[in-house]
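**Q** Its first residue numbered 1, the sequence shown is counted upward by one per residue in the UniProt record's numbering. Glycine included, every Cβ here is placed at the ideal spot set by N, Cα and C.
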Amino acid sequence: MVRLAHEISHVTGMALRKARAIRQPRVLMYHTVDPEGIPTDVFRAQLDVIRREFEPISLPTLLSRYRDGRCTGREVALTFDDGVRNHLSTAYPLLREADVPATFFLCSGLIDSGQWVWNTEARARLQGLGAAERKALATREGWPVHAVEALVEWAKGLAPDRREAFESAVRAHTPAFEPTPMQQDLFAPMTWDEVHSLDPALITIGSHTVSHPILTTLSAREQTEELTASRARLEAQLGREVDIFCYPNGDSDPAVVEAVRKSYRWAVTTEESFWGPGHDLCRLPRIPAAPHHALFVRRMHKPTS
Numbered sequence: 001m002v003r004l005a006h007e008i009s010h011v012t013g014m015a016l017r018k019a020r021a022i023r024q025p026r027v028l029m030y031h032t033v034d035p036e037g038i039p040t041d042v043f044r045a046q047l048d049v050i051r052r053e054f055e056p057i058s059l060p061t062l063l064s065r066y067r068d069g070r071c072t073g074r075e076v077a078l079t080f081d082d083g084v085r086n087h088l089s090t091a092y093p094l095l096r097e098a099d100v101p102a103t104f105f106l107c108s109g110l111i112d113s114g115q116w117v118w119n120t121e122a123r124a125r126l127q128g129l130g131a132a133e134r135k136a137l138a139t140r141e142g143w144p145v146h147a148v149e150a151l152v153e154w155a156k157g158l159a160p161d162r163r164e165a166f167e168s169a170v171r172a173h174t175p176a177f178e179p180t181p182m183q184q185d186l187f188a189p190m191t192w193d194e195v196h197s198l199d200p201a202l203i204t205i206g207s208h209t210v211s212h213p214i215l216t217t218l219s220a221r222e223q224t225e226e227l228t229a230s231r232a233r234l235e236a237q238l239g240r241e242v243d244i245f246c247y248p249n250g251d252s253d254p255a256v257v258e259a260v261r262k263s264y265r266w267a268v269t270t271e272e273s274f275w276g277p278g279h280d281l282c283r284l285p286r287i288p289a290a291p292h293h294a295l296f297v298r299r300m301h302k303p304t305s
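#1: Tell me whether residue 221 sits in a helix, a strand or coil according to DSSP, three-state version.
#2: Quick one: give me the first and last residue of the beta strand (DSSP E) that residue 206 is part of.
#3: According to the neighbour-count rule (16 or more other Cβ atoms, all chains shown, within 10 Å of its Cβ), is residue 206 buried or exposed?
#4: Just to confirm my understanding: we take residue 256, look at its own chain, exclude 5 residues before and 5 after, and list those with CB closer than 7 Å. What are they?
#5: In this structure, how does DSSP classify residue 75 when only helix, strand and coil are distinguished?
#6: Short of 6 Å in beta carbon distance, which residues of its chain neighbour residue 54, apart from the five on each side in sequence? Order them along the chain.
#7: Going by alpha carbons, who is nearest to residue 119 out of 281, 51, 176 and 249?
#8: Output the distance between the C-alpha atoms of residue 98 and residue 104, rounded to the nearest integer angstrom.
#9: How long is the line joining the alpha carbons of residue 194 and residue 86, rounded to whole angstroms?
#10: What are the uninterrupted segments assigned as beta strand (DSSP E) that are 3 or more residues long and contained completely in the segment 244 to 274, given in chain order?
#11: Does residue 258 pass the burial test, meaning 16 or more other C-beta atoms within 10 Å, or should it be called exposed?
#12: Quick check: what's the CA-CA separation for residue 34 versus residue 168?
#13: Which residues in the same chain as residue 25 place their Cβ atom closer than 7 Å to its Cβ, once the five residues preceding and following it in sequence are excluded?
#14: Quick one: using the 10 Å Cβ neighbour count with 16 as the cut-off for buried, is residue 83 buried or exposed?
#15: Is residue 233 helix, strand or coil by DSSP?
#16: Closer than 7 Å by C-beta to residue 18: which residues in its own chain qualify, once you throw out the five before and the five after it? Chain order, please.
#17: If the criterion is Cβ atoms closer than 8 Å, does the pair residue 210 and residue 229 meet it?
#18: Smallest Cα separation from residue 160: which of 293, 101, 220 and 181?
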């Protein structure tokens, strides 16, 4: 056991040295900090590495440096998608404790309604069904698959009216669904009062659309509405500019990118990479968060690990 611990420490140390040698800015992509994903002790260790070995920086400051060609290559900015309660209850206290800034990407309409991101709700409801019941439901509704993740991925590609019909069918078939306290923490959006409680010196707010649709499935008019209404609502609530965007599910195409460009100065994707020279400012990559420390350090020098 001791030998294994030493070997892990040695490999992690080598990965960290490789990461330090790569002088390119990094933006990290998180969703939640929780026992089933990234536990608090792992997240705290990641923050320690970022503070000790790199330069934790807000996303707006990094964007300004990048635009002006002033990056040192040591910058690391943190982002959290979806604006769920867990960002306030768990991530925010740890960020504040470590004095590490972050950007939270919020869906304005979900805050207004209190609804979960649609695919998160569908997944949770479907997971409560047995395989046979789920298969019978899929057969009755004419869905091509019945495994939970396959169904959710299939639904992401549907046009809005068909996706809404899918959601309605799932809800109608799961009337007894009752979220657990943990599910509410992980999937329910923050309230406006909770958003207002975040220190703007530490937390930047970005837009993640109104309702978290897959933008490539929308018409041009619907895309524009999701992009502009979200920014307007966030700015009205916060009293400050919101000019950074995050693509729901990472999905975009040239038309979506151009629509985003008309409404925002910057946008981040789910493309896994450092920031090198010449990136499109509305298609900036991120590095996915890791559930354990060794993988986190490895991704700091090899983002696609």
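**A** Answer, in terms of the structure:
#1: On the sequence shown, position 221 is the one that residue 221 refers to. Residue 221: helix per DSSP, three-state reduction.
#2: By 1-based counting over the sequence shown, the position of residue 206 is 206. Its beta strand (DSSP E) spans residues 203 to 207.
#3: As a position in the sequence shown, residue 206 is number 206, starting the count at 1. Under this definition residue 206 is a buried residue.
#4: The sequence position of residue 256 within the sequence shown is 256, counting from 1. Hits under 7 Å: 215, 216 and 223.
#5: Here residue 75 corresponds to residue number 75 of the sequence shown, with the count starting at 1. Note: residue 75 maps to strand in three-state DSSP.
#6: What you label residue 54 is simply residue 54 of the sequence shown in a count that begins at 1. 74 and 76.
#7: Locating residue 119 in the sequence shown gives position 119, counting from the first residue. Per the Cα distances, 249.
#8: Along the sequence shown, one-based indexing puts residue 98 at 98. Along the sequence shown, one-based indexing puts residue 104 at 104. C-alpha separation (whole angstroms): 17 Å.
#9: The sequence position of residue 194 within the sequence shown is 194, counting from 1. The sequence position of residue 86 within the sequence shown is 86, counting from 1. When rounded, the distance between both Cα atoms is 11 Å.
#10: 244 to 246 and 266 to 272
#11: What you label residue 258 is simply residue 258 of the sequence shown in a count that begins at 1. That one is exposed.
#12: Counting from 1 along the sequence shown, the entry for residue 34 is found at position 34. Counting from 1 along the sequence shown, the entry for residue 168 is found at position 168. So the two alpha carbons sit approximately 29 Å from each other.
#13: Indexing the sequence shown from 1 puts residue 25 at position 25. 62, 66, 71, 73, 75, 274 and 275, listed in sequence order.
#14: Taking the first residue of the sequence shown as 1, we reach residue 83 at position 83. Buried, because 16 or more other Cβ atoms sit within 10 Å of the Cβ of residue 83.
#15: The count along the sequence shown starts at 1 and reaches residue 233 at position 233. In this structure, residue 233 counts as helix in the three-state DSSP scheme.
#16: By 1-based counting over the sequence shown, the position of residue 18 is 18. Taken in chain order, the residues that qualify are 301.
#17: In the sequence shown, counting from the first residue as 1, residue 210 sits at position 210. In the sequence shown, counting from the first residue as 1, residue 229 sits at position 229. Yes, they are a contact pair.
#18: By 1-based counting over the sequence shown, the position of residue 160 is 160. Checking every option, the nearest Cα to that of residue 160 belongs to 220.
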